[in-house]
Amino acid sequence: KGNDSIAAVTKVLREEEALEEAIEEIIEELGPDAVPGDILDTADELHEKDEDNTEDKTDE
Numbered sequence: 041k042g043n044d045s046i047a048a049v050t051k052v053l054r055e056e057e058a059l060e061e062a063i064e065e066i067i068e069e070l071g072p073d074a075v076p077g078d079i080l081d082t083a084d085e086l087h088e089k090d091e092d093n094t095e096d097k098t099d100e
C-alpha cells in the first residue's frame, strides 16, 4: 500500500515536471508577448497531436 502511494506521488510529480517543461517551450516558441489564450491554444494543439500519435501507435 505504501509503495502504491509513493508510485502515485512520483507519477504526479513527473507529470507536473513535464507540464512545466511543455509550458516553457510554448512560451519560448510564442515569444515574450504571448498571452494566456495563445498559450492554451498552442497547448491544445500539441495535446491533439500527441493523442493522434498515440492512436496511430495503437492502430499498428
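To convert, take the position in the sequence shown, counting from 1, and add 40; that gives the working numbering.
Positions of the beta carbon are idealized from the N, C-alpha and C atoms, including for glycine.
Closest to residue i by C-alpha separation, out of the options, would be which residue?
i     : options             : result
Ala62 : Asp92, Glu85, Asn93 : Glu85
Leu70 : Lys41, Glu91, Ala83 : Ala83
Taking 9 Å as the threshold (C-beta atoms), are residue j and residue i in contact?
i     : j     : result
Ile79 : Ile66 : yes
Over what stretch of residues does the alpha helix (DSSP H) that includes residue i continue unbroken?
i     : result
Lys41 : That residue, Lys41, is in no alpha helix (DSSP H); it is neither H nor E in DSSP.
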